[in-house]
Amino acid sequence: MPQASETTPPRVGFSEWIDQQTGKLFVLPAVVILLAFAIFPLLISAYLSLTKFKLAAGGFSLSYVGLRNFKKLFFGSQQYHLLGTFDAFGIFEWAVFIAALALVAYWFWRFFTGGHFNIPGLIGRLITATVMVALLWLTLATVFGGHPGSLVVTLFYVLVGVSLQFGIGLGLALLCGQAIRGRNAFRIIFFIPLMVTPVGIAYMFRMLADMQRGPLANIWQWFGLGEFSWAADPWTARLVVLIGDTWQWVPFMFIVLLAAVENMPRDQLEAAKIDGAGGWQIFRDITWPSIAPVAATIVLIRLIEAFKIVDLPNVLTNGGPGIATESLTLHSFIAWRTQDLGGSAAVGYTLLFVATVSCVSFFNFIGQKTRKTEL
Amino acid sequence: MRVQLKDIRKSYGSLEVVKGLNLDIAEGEFLVLLGESGCGKSTALRMIAGLETITEGTLMIGDRDVTEVLPKYRNVAMVFQSYALYPHMTVAENIGYPLKLQKTPKEELKRAVLAAAAKVHLEDYLERMPRQLSGGQRQRVALARAMVRTPSVFLMDEPLSNLDAKLRGVMRAELKRLQAELGTTTVYVTHDQIEAMTLAHRVAVMDAGVLQQVAPPKEIYDNPATRFVARFIGSPAMNIVTGGIADGKVTVQDGEVPLGGITPRDRVSFGFRPEDSDLVSPEKGMLKARIFSTEMTGNETIVTCEIGTDHVVVRMDKDFDMAPDEWVGIDVNPEKARLFDYDSGERVRA
Amino acid sequence: MKDRSLFQRLFEPPSLTEMAPASRILTYAILILWAIVVLFPLYWVFITSFKLPFQVNDGPDFLPFLDFEPSAHAWRYIFVELGNDTLRPYMNSVIIALTSTVLAVTIGSLAAYALVRIQYNVKIGTIAGFIVLLGATVYAVTQFGTPWHVTAAIALALFFFFATSFGRHFRRSLGNNDILFWIISNRILPPVVAVLPIYLMFQRVGLLDTHVAMIATYMAVNLPIVVWLMRDFFAGIPIDLEESAEIDGASRIRIFATIVLPLARPGLAATFLLVLILAWNEYLLALFISTADAQTMPLLVAAQNATRGPQWWYMSVLIVIMIAPIIAMTILLQKHIARGLMVGAVKG
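Residue numbers (the numbering used here), protein chains in the order written: chain A, 1 to 375; chain B, 1001 to 1350; chain C, 2001 to 2348.
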């Protein structure tokens, strides 16, 4: 039999050939589109970040300048914009920084003595530790005393925003996961903000935060803040952006965590109840371990998206006062608007680097751990 | 401890799933709640555990009315069908969890965990995670976790049904021995009649939320209180043929069976077990039937016959040799035959 | 049970049927508070759209008819006086969001299905060759000024030659999971990095500020999400059905169209809605690629500030008409949209 098929291969008709090729035809469009709109631009962007852009007759010209764009951002005239204005470390900053270093050292010690030592793991940890320590140093050096640049402001939106959203979302999900009346109504209401256009949210919160004409004006006046302008103070401006972002993204955490809470294995819950566990013990020993993988995943998704924040700061505060609320994406956009394409691409790449290292680190060192509890 | 269910009802909205359940379970008794899925037996168990509210009635554990008491104050232990092990805790932590919640001192907890693990032969697995265990081992962890706190009642919800047939037999034997050793009152829910018959001191058969009969296994088998119990217990099931009673005889479609001292009735369900009947030649048998199919199982032959449109099963020895469609006669042992009211299904006593 | 401590009396249910009094009050208080936090801003925008300028400027008025007399002047201005200036961006948004979503869902579903059911082996050598050629093409275009289409054609020809001749000699290859990871990882890529070259690209070919450019871009950025979500939906379809159809003689395309797609309908709906909303809300890419003709609603709303200062009444009208369809959809189809989020997050 095998010989027969070797000598006379089966004839392949056109329709059969098509059928065999469908596998390739199915993925090809997606791959080509992503190559054209993601990978190709990524490479061009890398090139752009190394050039100087000039409008020329009938188009533009690009001249290669090496790392000058990055140099300008990190050490030169644009340093204040990306990294911020530095201030000398005080006792508090040193204390925090040394504590963080000790934590990192402990983390490595655990890794070395844990029995799972390997070279890729070491390299990964070194990269993570270096970037995290550098970001912490930058934060400490600019937030207390100096002026944070767009990088630290972005980190602020990401870290504080995501933690806040996760905390509120989890709390609401736990409350809503109980046997309460009107659960469905709450679920639908809480879901709405996620779908509202961020630009709309930005204006909405500008109206609400209007201290003279907004709905809370009387309260502000009562506190003697009637003449205060939140838009003129860096931290209140950032806070308003953060509130808008939180208003939008709590629903995402809420709806997914609620599903996780509702899908918890009922038997485990009941077993714990019979074993004598109270509310807090049930949360700590049953609920949290069972929703942790989901929690890690949605935090990762939010981290990825949060680094891209731009609509809210742009519309709410236009990046102001000064550069106080500028995120990296907005920074990049502003550079583009001033014809500084090289600088814009360099900022974009900085964002890409920080976002990738953060997300990958989170995934590897935190996200993976939660999966171990699965039965 | 003694467990008493007094006229317990459970409804979800207008749907009543447990309709007035009365049970008095003695201290140290092994009671099995038997029934098809959806008959309310699991709901009854969960009401004893405190996982479901009791719509109406009273539940007593010992001398205490626990109808409204939270599960954690009932001092009951439950083994779930899925075992409900905590996946992120080791075997030792799983077993010790109930004690940890009671703030038992560490040393004492350790000792209790070891003792419980030893009873189910898990001493060597204490540091494993549940996912590293086989089904049977997980089952044992669940048992140990139930035993560790010396509860007043064990509640078991189909604990063996996730195991394969062989392991189920082994675990059944172990379970029976453990219960006898500990002497703890046990309520056990199952749909498997073999489990019920082998494990129970008394079996409680439920159907559609109504308790049909509570009795020791042998009694249940020999003297089913209703037609449902008769059909439910035994494999192959008891044969039920519809007929009438006249002149001290049960008359069915194709023959009659003489039974002593019975009052005449128009319609009656006449029941007899496959092993209490015999196939003879068509002329001699009390009932006339035609062979439908024969199944040789190794040590016996199960013969299905047709009487009119009814199917009747007779147990014959393994050498039985007749072909389908042949006519035969069926002889029934009148001593072992049982009569049930056609409409209510209640037993009709001679 | 009688001697319960105060803490127990407050926080422990008195019986099986009731919640503990304190927890119940707290639960409802918090949930209702958050419901107000969610709804009040929307309500405020809605009533502001019916206020006259002086009513806004005089300070907060909360209740229409009681605190202030509602007026439709802002609505009239936006729809009648501005007329086409409002309707055009609105239609742009509708067209761009719908078309790009249909395309993304179609192309993404095909890829997701293929990645679930067909085993791929992409030789690493082929990919390396592709990247080298791409780099060479870009270098040639930028450095020597060769016409880009000629260079691209040569590169493509070289690539196919390379792939068919040398490519298969490489041992290492990428499987389905690698492809999938690659597709999804595109989500990490901040749009601002990709949009500069896309901007230059469309400028070169003269498509800047057109529907085509917007649709293509939106489709591309949403493609990874579609692949990610649909993969899970497809993986949930029992393979037996497809195998039985295959044995019955159906081709892959036929199986996909007649068996897989109907079964994945809930998933398709969820993905479609989610992507549609993302496209409808998108702001940054529109900011780069469209200026006037292809301007979308978010841009129009954002531009209000620059042109007229904070004229809340007009802005409110625009926000209301921009978010009303989304909110209506959310309320009606909440279950379907949430399912999309869930699959993505829960399976990871």
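For every residue, glycine included, the Cβ atom is placed at its ideal position computed from N, Cα and C.
Return the Cβ separation of residue i and residue j in integer angstroms, given the expectation that the two are a contact with Cβ distance under 8 Å.
i                          : j                             : result
valine 1332 of chain B     : phenylalanine 1292 of chain B : No, valine 1332 of chain B and phenylalanine 1292 of chain B are not in contact; Cβ-Cβ is about 18 Å, not under 8 Å.
tyrosine 1086 of chain B   : isoleucine 286 of chain A     : 7 Å
valine 241 of chain A      : proline 313 of chain A        : 5 Å
arginine 1290 of chain B   : glutamate 1306 of chain B     : 5 Å
isoleucine 1054 of chain B : methionine 1060 of chain B    : Between methionine 1060 of chain B and isoleucine 1054 of chain B the Cβ distance is about 12 Å, and since that is not below 8 Å, they are no contact.
threonine 2101 of chain C  : valine 2221 of chain C        : That pair is no contact at about 12 Å.
serine 1161 of chain B     : aspartate 1207 of chain B     : In fact, because the Cβ distance is near 19 Å, the residues do not count as touching under 8 Å.
When you compare only the Cα positions, how much space is there between residue i and residue j?
i                            : j                            : result
lysine 2347 of chain C       : glycine 1209 of chain B      : Since pLDDT at lysine 2347 of chain C reaches only 48, below the 50 mark, its modelled position is unreliable, and no value is offered.
valine 2132 of chain C       : alanine 99 of chain A        : 46 Å
glutamine 1139 of chain B    : valine 1069 of chain B       : 28 Å
histidine 147 of chain A     : glycine 84 of chain A        : 5 Å
glycine 1057 of chain B      : tryptophan 288 of chain A    : 36 Å
alanine 4 of chain A         : valine 2260 of chain C       : Because the pLDDT of alanine 4 of chain A is 46, which lies under 50, any placement of that residue in the model is unreliable, and the number read from its coordinates should be weighed accordingly. Rounded to whole angstroms, alanine 4 of chain A to valine 2260 of chain C spans 37 Å at the Cα level.
methionine 2001 of chain C   : glutamate 262 of chain A     : The predicted model places methionine 2001 of chain C with a pLDDT of 45, which falls under 50 and marks its position as unreliable, so this point remains unresolved.
serine 358 of chain A        : proline 1098 of chain B      : 40 Å
valine 1141 of chain B       : asparagine 1094 of chain B   : 8 Å
phenylalanine 363 of chain A : phenylalanine 353 of chain A : 15 Å
phenylalanine 70 of chain A  : glycine 149 of chain A       : 15 Å
isoleucine 1025 of chain B   : valine 1003 of chain B       : 5 Å
leucine 2203 of chain C      : glycine 13 of chain A        : As written in the sequence, residue 2203 of chain C is glutamine, which differs from the leucine given in the question. Straight-line Cα distance between these residues: approximately 44 Å.
valine 2122 of chain C       : alanine 2128 of chain C      : 11 Å
leucine 2031 of chain C      : isoleucine 2025 of chain C   : 10 Å
tyrosine 2077 of chain C     : valine 315 of chain A        : 23 Å
So, helix, strand or coil for residue i, using DSSP?
i                          : result
glutamine 2119 of chain C  : coil
threonine 329 of chain A   : helix
histidine 147 of chain A   : strand
cysteine 1039 of chain B   : coil
tyrosine 2139 of chain C   : helix
leucine 1033 of chain B    : strand
leucine 225 of chain A     : coil
alanine 1215 of chain B    : strand
glutamate 1295 of chain B  : strand
methionine 1089 of chain B : coil
asparagine 184 of chain A  : helix
threonine 2292 of chain C  : Here the sequence assigns alanine to residue 2292 of chain C, which means threonine is not the residue at that position. Note: alanine 2292 of chain C maps to coil in three-state DSSP.
isoleucine 309 of chain A  : coil
leucine 1279 of chain B    : strand
Looking at the unbroken alpha helix (DSSP H) that takes in residue i, where does it start and where does it end?
i                          : result
tryptophan 2075 of chain C : 2073-2076
serine 290 of chain A      : 288-306
tryptophan 2228 of chain C : 2211-2235
aspartate 2178 of chain C  : 2176-2185
tryptophan 249 of chain A  : 234-262
glutamate 1137 of chain B  : In the sequence as presented, glutamate is not what sits at residue 1137 of chain B; that position holds glutamine. From DSSP, the alpha helix (DSSP H) with glutamine 1137 of chain B extends over 1135-1147.
Over what stretch of residues does the beta strand (DSSP E) that includes residue i continue unbroken?
i                         : result
histidine 1311 of chain B : 1310-1317
tyrosine 1188 of chain B  : 1185-1190
glutamate 93 of chain A   : Here glutamate 93 of chain A belongs to no beta strand (DSSP E); instead the alpha helix (DSSP H) covers 91-113.
Do residue j and residue i count as a contact pair if the criterion is CB distance below 9 Å?
i                            : j                          : result
valine 299 of chain A        : glycine 244 of chain A     : no
leucine 25 of chain A        : leucine 2110 of chain C    : yes
proline 1217 of chain B      : methionine 1197 of chain B : yes
asparagine 2176 of chain C   : valine 2116 of chain C     : yes
isoleucine 2289 of chain C   : leucine 2208 of chain C    : yes
phenylalanine 365 of chain A : arginine 125 of chain A    : yes
valine 1214 of chain B       : threonine 1242 of chain B  : no
serine 1042 of chain B       : valine 1203 of chain B     : no
aspartate 87 of chain A      : alanine 38 of chain A      : no
threonine 376 of chain A     : alanine 295 of chain A     : Given that chain A is displayed from residue 1 to residue 375, the structure contains no residue 376 of chain A and the question cannot be resolved.
leucine 135 of chain A       : leucine 155 of chain A     : yes
glycine 214 of chain A       : isoleucine 309 of chain A  : no
methionine 1156 of chain B   : valine 1187 of chain B     : yes
How would you list, in chain order, the residues of chain E whose beta-carbon sits under 8 Å from the beta-carbon of residue i?
i                       : result
leucine 1051 of chain B : The chain inventory of the structure shown lacks chain E, comprising the protein chains A, B and C.
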